[in-house]
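Written below as structure tokens is the structure these notes are about.
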Amino acid sequence: MKKISALIIISGLFVVGTIYYGIFVWEYSGPTMKFIVEDGEGFSRINARLYNEGFSYSPRLFHHYYRLFVDEKLMIKSGEYTIPEHTTMYDLFPIIQKGGIESIAITIPEGKNLYEIARALEGAGVAGYREFVNSSKDPRLLQELGISFGSAEGFLYPDTYRFAKSTSAEKVIRVMVNEFKKKTENLKFRNHAYGLSPEQIIVLASIVEKETGAAHERRTVAGVFMNRLLKKIRLQSDPTVIYGNFEDFKGNIKKEDLENKNAYNTYRINGLPIGPIANPGRDAIEAVINPSRSLATATDHKIEVLY
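When we follow my numbering, the leftmost residue of the sequence shown carries the number 108, and every step to the right adds one.
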């Protein structure tokens with residue numbers, strides 16, 4: 108009987124010690140990080156993510172402690188939370204009870220350019236228009252991100268993002284460019300069948316994205332432009348005319364716009380523009396990597412495929 112009692116006491120002490128260690132001693136070992144709770148995200152999923160991302164010692168311990176000692180009426184609110192290094196589970200509870208910084212979901216559709224993205228961000232209260240435009244052309248930032256063009260245009264991946272209000276333009280750009288790298292890392296940019304470099308693929312993909320929003324047309328449009336490049340015929344793409352003078356463009360292409368010789372206007376220059384004119388999605392990039400190989404020609408921007 109004494110042995111059983113001793114075992115019970117030892118087991119109890121072990122359990123208490125484990126609980127104490129998990130709540131008060133164990134620490135998050137990474138750098139200060141952001142943890143975002145999405146709108147409508149349930150407790151179980153939040154609990155699992157806290158553990159999977161290294162912020163919690165045990166999902167079971169977190170669950171029981173939260174239910175026992177935290178007012179259940181104080182639900183974990185959506186938003187952005189900052190979790191410092193060396194945070195214990197005990198420290199974590201007041202952080203998540205305070206409520207996260209208000210964050211805003213912003214959807215960037217395929218084919219939007221950096222000026223349109225800047226306008227959307229400013230309208231949502233995230234980064235200022237001019238700050239975003241200037242940061243997207245910052246040589247230091249572009250070098251850090253591995254972008255060889257004069258701006259981040261083409262690499263601001265179209266997707267839905269969540270940012271806290273007043274997030275800096277530089278941070279937004281870093282997030283979007285990193286998303287581009289993640290979403291396109293398995294695409295075959297090298298050894299293009301028609302000899303385009305990875306940078307040229309992005310430039311042409313941006314034109315294809317602006318020329319058609321129909322998924323079934325992208326490879327054909329890419330094939331049309333590829334044949335024009337191979338035959339040294341000017342691309343004559345209207346979206347390049349608009350982009351060359353985007354901030355001052357009034358809404359209708361005029362004769363003077365077509366005659367404006369800038370580095371983007373494919374009515375006036377040979378080959379591809381100096382850089383992308385928009386931010387293409389993965390499908391447009393894939394269309395340029397694998398364009399339609401049928402003999403295609405374009406007349407007045409209407410595609411005619413000759414079999």
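Note that the Cβ used here is the ideal one computed from N, Cα and C, for glycine as well.
Treat the numbers as computed from the prediction; the structure is a model and nothing was measured.
A distance below 6 Å between beta-carbons, with the five flanking residues on each side excluded, links M140 to the following residues of its chain, in chain order: I190.
Straight through space, the alpha carbons of Y197 and Y135 are spaced by roughly 11 Å. Look at S258 here: in three-state DSSP terms it is coil, with no helix or strand label. The secondary-structure analysis by DSSP pairs M140 across a beta bridge with I190.
With respect to the 9 Å criterion, V315 and A329 are classified as neighbours on the basis of their beta carbons.
The DSSP-derived three-state label of S242 is helix. Across the structure, E318 and Q250 are spaced so that their CA atoms are roughly 30 Å apart.
With a threshold of 16 other beta carbon atoms within 10 Å, T125 falls short and is exposed. Taken through DSSP and simplified to helix, strand or coil, R335 comes out as helix. Assigned with DSSP and collapsed to three states, F270 falls in strand. Distance from the CA of K289 to the CA of G351, rounded to the nearest whole angstrom, comes to 29 Å. Beta bridge pairing from DSSP links S210 with A271.
A straight-line Cα-Cα distance of about 9 Å links E286 and D266. Contact annotation, E260 with N386: C-beta distance approximately 7 Å; criterion of less than 8 Å satisfied. Between the alpha carbons of I130 and G147 lies a distance of about 27 Å. With contact defined as three or more Cβ pairs closer than 8 Å, the segment 369-379 and the segment 335-351 are in contact.
Distance from the Cα of N298 is smallest, within the candidate group R400, I396 and F169, for I396. F200 sits in a helix when the DSSP states are folded into three classes.
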